[in-house]
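This report concerns only the one structure given below.
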Amino acid sequence: MPTAVEFRHISKRFGKVLANDVVSFSIAQGTIHGIIGENGAGKSTLMSILYGYYHADSGEILINGQPQTIRNSHEAIQLGIGMVHQHFMLVEDMTVLDNIMLGMEGGFRLRSHRARIAGELVKLCDDYGLAIKLDARINTLSVGEQQRVEILKQLYRNANILILDEPTAVLTPQETEALFVILRLFKQQGKTVILITHKLPEILAITDEVTVMRAGGVVAALQTAHTNQEELAHKMVGRSVATELPRQALSAGNVVLQVEDLCLQNQQGVHLLSHLNFSVRAGEIVAIAGVSGNGQSELLEILAGMRNLNGDKFAGTVQINDCQLNFQKKDATLAAKLRKLGVSHVPEDRLRDGVVKEFTVWENILLGQQTDQIYLDKKKCIAASDALLRQFEVRPLDSHLRLSQLSGGNQQKIVLAREIAAQPKLMLVGQPTRGVDIGTIQRIHTELLALRDAGVAILLVSAELEEIRALADRILVMSGGCITGELNIADYDTTRIGLLMGGLHK
Amino acid sequence: MNSELPRWATNVALPLLNLLSAMLVAAGVIYLLGESPIEALGILLNSALGNIEGLGYTLFYATTFIFTGLSVSIAMQAGLFNIGSDGQMYLGGLGLTLVILQFDASLPTWTLIPLAMAGAAVFGAAWAFLPGYLQAKRGSHVVVTTIMFNFIAASLMNFIIITYMIPTGEQNPASRVFAETAWLPRLNSWIPALGDTPLNLTFICALFCLLAYGVLVWRTRWGYALRAAGKSAHAALYAGISISTVVIVTMLISGAFAGVAAMNMLAGSMHYLSLNFTNGAGFIGIAVALMGRQHPVGIFMSALLFGILIQGGSDLSLEKSNIPPETFVFIQGLIILFCGAMENMYAPALTRVLHLMRGRKAQGEKHA
Amino acid sequence: MLEDFHVSSILVSTIRSAPILLFAAFAGVFAERSGIIDLALEGKMLASAFAAAACTYATQNPYLGVAAGMLVSCCIVLLQGYVAINQKGNQLVFGIAINIAMSGLTFVLAQYFFQLGGRSPDLGAARFAVWNFPFADWWSNIPALNWLLGKFLGGHTVLVYLAFALIPFLHWFIYHSRFGLRLRAVGENPHAADAAGINVAQTRYLALLCGGVLCSFSGAYLAIVQSGFFLRDMSAGNGFLALTAMVFGNWRPLQTALGCLMFGFFAALQIQMEGVAFPVVGQIPGSLIQMLPFVVTVIVLAGVMAKSVGPKALGVPFVKSR
Amino acid sequence: DQPKFALVYDAGGKFDRSFNQSAYEGAERFKKDTKISYIDAQVMSNAQGEQVLRSLARKGVDLIAAIGFTHAQQVQTVAKEFPKTKFVLVDGTAAGANVSSILFKEQEGSYLVGVAAALASKSKKLGFIGGIDIPLIRAFVCGYTQGAKSVDAKIDVSQNIVGTTATAWNDPAKGGELARAQMERGVDVIFAAAGGSGMGALQATKEKGKMAIGVDSNQNYLFPGVMLTSMVKRVDNAIYDSFMQVKNGTWKAGISNLGLKEGGVDWALDKDNRSLITPEIEKRVNAAKQDILNGKVKVIDYREASRCPL
Ligand SMILES: Nc1ncnc2c1ncn2[C@@H]1O[C@H](COP(=O)(O)OP(=O)(O)OP(=O)(O)O)[C@@H](O)[C@H]1O
Ligand SMILES: Nc1ncnc2c1ncn2[C@@H]1O[C@H](COP(=O)(O)OP(=O)(O)OP(=O)(O)O)[C@@H](O)[C@H]1O
Ligand SMILES: [Mg+2]
Ligand SMILES: [Mg+2]
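Next up, the structure:
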């Protein structure tokens, strides 16, 4: 089988960080090729080099056997390379159509081409079973939809080599399945797919070959058929990773979070949450399962005091340690007040809400905790931050780096580390392991369980049933803004949960 | 940007290189005007730094720019571009004058001065409040509102001075001269060497404010909130930082700084309030803040630079009659361009040079 | 008191002074929609005004004058591009620097060439001819038509018509042309544009050049049409007013034009208000009336048109490394 | 040995086509007649002014002439420090035994051009354009209006000011716009006292074929056939004379108020505006001049009581 892409001795350095270290491997045409590796292993960088976004310091790239110098994305596109970035590359307040046209408008006067292109796109959409409103503004779309736009974009440019950087990190299982259907279609048409992901089951499910990267280099290239999750994990992390974590028996204390009849209605009058009733007790992990976009995010935002500014309508009561939480009042500092009550919060969209990209790492470690002392002792802060980075194996281990210089996953670790270190009474966790490598997943899970055993009440929102099974003591299933069911971990049952997520009541 | 470069290179070598290039262009201009650049530079430096009195004047001018620079800087830290420092300074002057005209007969210096200073700060802050408030509550762009408020200030002050302040029978559109009690003590009363320079207490005050600014912004939780809010609205909400509070308070402080800048000119040197006395100090403040990268030391250095240009420039055009004063306006522009906007021009070259040198050393060690 | 206001005069004056702001503001729209903050309008206006006046005086041909202004303005813009795009320098600083530098340089040059204290000689006959509607003898004796065709619509120079013709054109150009689409993309999210295979730097340079040309018109109009000579600092803050109109108009051509006309209108109104005795307040002193346009802007901004959101990438240089 | 002279302009600068330039011309004339040269300097800001005056005094200059009221305070300060040096302050008053303050009765000149304007105007509507709203400018308007009304009480004078910031003196576009607006309201003679902005106004009147009146120095030559006349303010003479007095040792300190009588102000009549000044006008204006000289007419000085009772 001819090779579609071959990397030869690719190296790339960013300042002190060696992102890619003499990477060499090749990708066969018409296959789905997986790339896995720890956070910061250099996967995105390598792909960005292939797509002409970065330039390799040394080494060369062969496309279909020909050595090519790819100076910019334009040339990459010319070579039939398409990429769906880890963080989407869409212009927020333009329409889907405009975003897809961008760079391939077909002529100077848009009006005369809009109709034609729209036609072609509609056809592509039903060929691949993509549901997309072409005239919708990007900033009105969910991440899943945005990703479909990205893919449609590549289809329209009929890319022969499609790169997907952690496409499934933000997708629901259903969406992921839909994506894979499309990828398989791709493969049938003899196109090549490069898939970066941290979810080994996906690798096993869909790829033909898999390359494992660590610390910027390639540590293994395997036939998916002849490997298994344990081997991959081992090669990736460099040590064996236990899949099942030991858990002590539940010893739940008194109620920490008490939610009664909570309702939320946005300005448009849409009911986002209706009549939620539940409680979380000290020392237990309550997980909220559900297809994302069914109100979990809103619930977390309310509890974290981040949703009282945009004129929504609320009803019901929320108690934290039997202290009435006045979450309806317009008060920008509510989040800070909650932290004083011992609430810490790992937001779902960590890179948007949880960090200040321009700040250094140690300054980010302070975010949310800044209210503690009037005078900030820099030395102390840095020491503390260094300790955390070491504890959570953040790479590169340097508190003075600007946060934006860290890789996506490492940025996420920072947020988790900070919130766990805050020694909360109640911890709100949204999608804690999204975009994080398994080694880290394991560490995060261990940390969360430790907190639980230390008597912290934890409310966990996750789209990963596996994760819920590994952590939860009780499971609430949400659908359409309502709690459609509740069950104890003892009687965990995937199909039942699936039904409840679908909105079927008991 | 140039993370590869050591600090001494980014903070010392690059600025010097840039200053040098600006000077070269300026030299070209002076040469074309038919004067010897070397001689001109000599005169300029000598009159600005060479003799102690000149230095006094340089620092006097710098003092004003430090304050306006601070005013612009703190706003920038919160992501606000306050173009209104000039108007705020103008109003600050009014506040100061009102207090002084009211009490310079009755109060002794050491109670009058702080009162006057407070007056300046309050009026400056007040003039910055509305733009801040509108930005915070209505989202109306602070750049626009502050520009507008500059114009409004000009009209308002023109009206007030002409209708209420001019002593009858006077020609000069200005208030009456303050009584001696309201004259800020000049430093030459302690350091006679300074000679006849208007350099006054405000300078000390400015240094103190620089320090305070540094601590406030980088070492207090409030400064942290300020910078966080300036960088990311989402993160601010997450951390429970009220952006609107930050915006309003910051604008108040910014305006207060600008207002106090009037102290130096009015109570320190002129001793009366006159039409358009700021002559653009607020706008120079923008340049100072940007060139100084909103860092206390940077602000001081660039304020000093402008002081040198003004002081040296005036003497130079006194000596060399066919160099019109406007030439130095042009040179100011050049310096801002090279040192402020093209600060990284030499970074790549310098990096390469340093790499070479390192390489050499490495080899040298090998041979040894 | 109402009879003191000559509505016709106000309207005509609005039209006449609009181009100064319109051209400059549109220049701003181009630069800033592409993601480059343009505080340098003032400086460019001044420089091109000088070049236009000087060249017109030398050649006695206003069109050559405009060309000269264009040339100078474009040179400045290329420098701006070099600083903002290649050097990734601070765009605000550049603006301030150019404004100050040009204020100095134009005086020095004017003084050097003409020795008139920063003024150019009077351009005399070398001005644009005003354009008039045909068949004047027919309509001129009907008062209404005479005003409409003779004063309001007719009797202006080519630059005025150009300025107003630009309004709809720019709207189309920015929202319905390929360049416009790319321009907006580059200003909103250069990384996305780049990933879509668009040359960000090139797009921004083009945008700047368009702006440069437009801005030079504004300068030329100031010198050749409105004044008939160059004078030091004759841009007199119009660059900043244009910028204001642009932000006021949410960086969109139609609204920006609206902002400019609003300034023009209230400036004209304010001229007429001087010396008029109003009921209750009586005569308002000239110095206070001067603030009218600015007060109105603030009110409108705070009331009606609150929340102006600029292009997201405005002012941030496009650097690939994170 | 020869006495040393110095001339200090205000922010307007040497070539402002106005009183700074007029002073410069006076000094030049003195230089030509006596072969005695002089130093000159321009100051941008207040503090700078003090410094310049001081360094000139230190240089041992015998007479320092400071042009413009902005220098008032500085002259007073520095004069105290250097009692041996002589100071001349033009357009302002400063105390001191070694200071002579020279003021002008602009209102008297303005009165004359007002008379001329009223007579020349067909529409009986006159215009005035000032740079900034300051006492000096108000004095201009006041005299101008009084003169006009002396010809025809019903005549109406519409006035505008260019702005409130320093740029108001350098905004010809606005000046022109003001002139056009006034002319659209029927004004056919415009008196422009607005520095560079005024030039814009003159230009505009030329375009519209109306008449304009210049200020400070004789501006008739700028637009022959358009300039009705100019209200000349002989700063040049003032400077020339003070220099001469110092040279001849007849210089005296004190306040001098130069009006028509002292030849400090006047209206300009030369070949450039001959065509516009009919014998009738010339007769009436000179008559008015006589009335002022022999005190029959008392021209109001706005600055005395900060008011213009008309
Ligand atoms: N608020 C906005 N910000 C950015 N781009 C916008 C915005 N609104 C519309 N657009 C873009 O402008 C284009 C259409 O603009 P718009 O709808 O304002 O003009 P139009 O209504 O199509 O034209 P016309 O107003 O002449 O009928 C689309 O490409 C859309 O992406
Ligand atoms: N622009 C940059 N500047 C500085 N360092 C960088 C830059 N890009 C990547 N790095 C570093 O290079 C390494 C690889 O980054 P990259 O984002 O490719 O990792 P990754 O495989 O995508 O990890 P993740 O899955 O967490 O995103 C990381 O350590 C990161 O800190
Ligand atoms: Mg990545
Ligand atoms: Mg990644």
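Residue numbers (this note's numbering), protein chains in the order written: chain A, 790 to 1295; chain B, 88 to 455; chain C, 13 to 334; chain D, 98 to 407. Built from N, CA and C at the ideal position, the CB exists for glycine as well.
Item	Value
9 Å Cβ cut-off: residues of chain B touching residue 1122 of chain A	327, 328, 329 and 332
CB contact below 7 Å: residue 258 of chain B versus chain C	no
Cβ neighbour criterion (16 or more within 10 Å) applied to residue 1159 of chain A	buried
Paired residues, beta bridge with residue 137 of chain D - DSSP	D:104
Nearest-angstrom Cβ-Cβ length linking residue 952 of chain A and residue 1002 of chain A, presumed shorter than 8 Å	Their Cβ separation, rounded to whole angstroms, is 14 Å, which puts residue 952 of chain A and residue 1002 of chain A out of contact at 8 Å.
Short CB-CB distance (under 7 Å) between residue 252 of chain B and chain D	no
beta-carbon residue 1228 of chain A near ligand 3 non-hydrogen atom, thresh 6 Å	no
Simplified DSSP assignment, three categories, for residue 143 of chain C	strand
Close beta carbons around residue 104 of chain C, own chain, < 8 Å, minus the five adjacent residues each side	49, 51 and 327
Proximity test, residue 833 of chain A beta-carbon vs ligand 3 heavy atom, cut-off 6 Å	yes
Where residue 27 of chain C sits in the DSSP three-state scheme	helix
Counterpart residues of residue 361 of chain B in DSSP-defined beta bridges	B:261
Given 8 Å, three or more beta-carbon pairs between the stretch 378-388 of chain B and the stretch 317-329 of chain B	no
Per-residue DSSP class, three states only, for residue 1275 of chain A	strand
Check: residue 875 of chain A C-beta below 6 Å from any heavy atom of ligand 3	yes
Neighbourhood of residue 121 of chain D by C-beta distance below 6 Å, restricted to the same chain and skipping five residues each side	111
Buried or exposed (CB count within 10 angstroms, at least 16 for buried), residue 1035 of chain A	exposed
Cβ-based neighbour list, residue 183 of chain C, same chain, cut-off 6 Å, excluding 5 preceding and 5 following	265 and 266
Short CB-CB distance (under 7 Å) between residue 328 of chain C and chain B	no
Cutoff 7 Å: residue 165 of chain D Cβ touching any chain B Cβ	no
Contacts around residue 72 of chain C, its chain only, beta-carbon distance under 7 Å, and the 5 residues preceding and following it disregarded	138
Alpha-carbon spacing of residue 198 of chain C relative to residue 273 of chain B, whole angstroms	54 Å
Interface positions of the stretch 230-262 of chain D facing chain B (Cβ-Cβ less than 7 Å), listed along the chain	230, 231, 232, 233, 261 and 262
Assumed close pair residue 938 of chain A, residue 885 of chain A - CB separation to whole angstroms, cut-off 8 Å	5 Å
Residue 196 of chain D in three-state terms, based on DSSP	strand
Nearest neighbour of residue 807 of chain A, chosen from A:999, A:1287, A:1184 and A:867 [CA to CA]	A:1184
Residue 1270 of chain A beta carbon near ligand 3 (any heavy atom closer than 6 Å)	no
Counted within 10 angstroms of its Cβ, other Cβ atoms place residue 143 of chain C as buried (16 or more) or exposed	exposed
Distance cut-off 6 Å: residue 1197 of chain A Cβ against heavy atoms of ligand 3	yes
Neighbour flag for residue 119 of chain C against chain B, beta carbons, 7 Å	yes
Burial state of residue 295 of chain B, where buried means 16 or more other Cβ atoms lie within 10 Å	exposed
Contact list for the stretch 385-401 of chain D against chain C, Cβ threshold 8 Å	none
Residue 29 of chain C versus residue 316 of chain C: straight-line alpha-carbon distance, rounded	25 Å
Cβ-Cβ distance between residue 344 of chain B and residue 154 of chain B below 7 Å	yes
The stretch 354-374 of chain B in contact with the stretch 91-100 of chain B per 3-pair CB rule at 8 Å	no
C-alpha distance - residue 959 of chain A paired with residue 933 of chain A, whole-angstrom precision	7 Å
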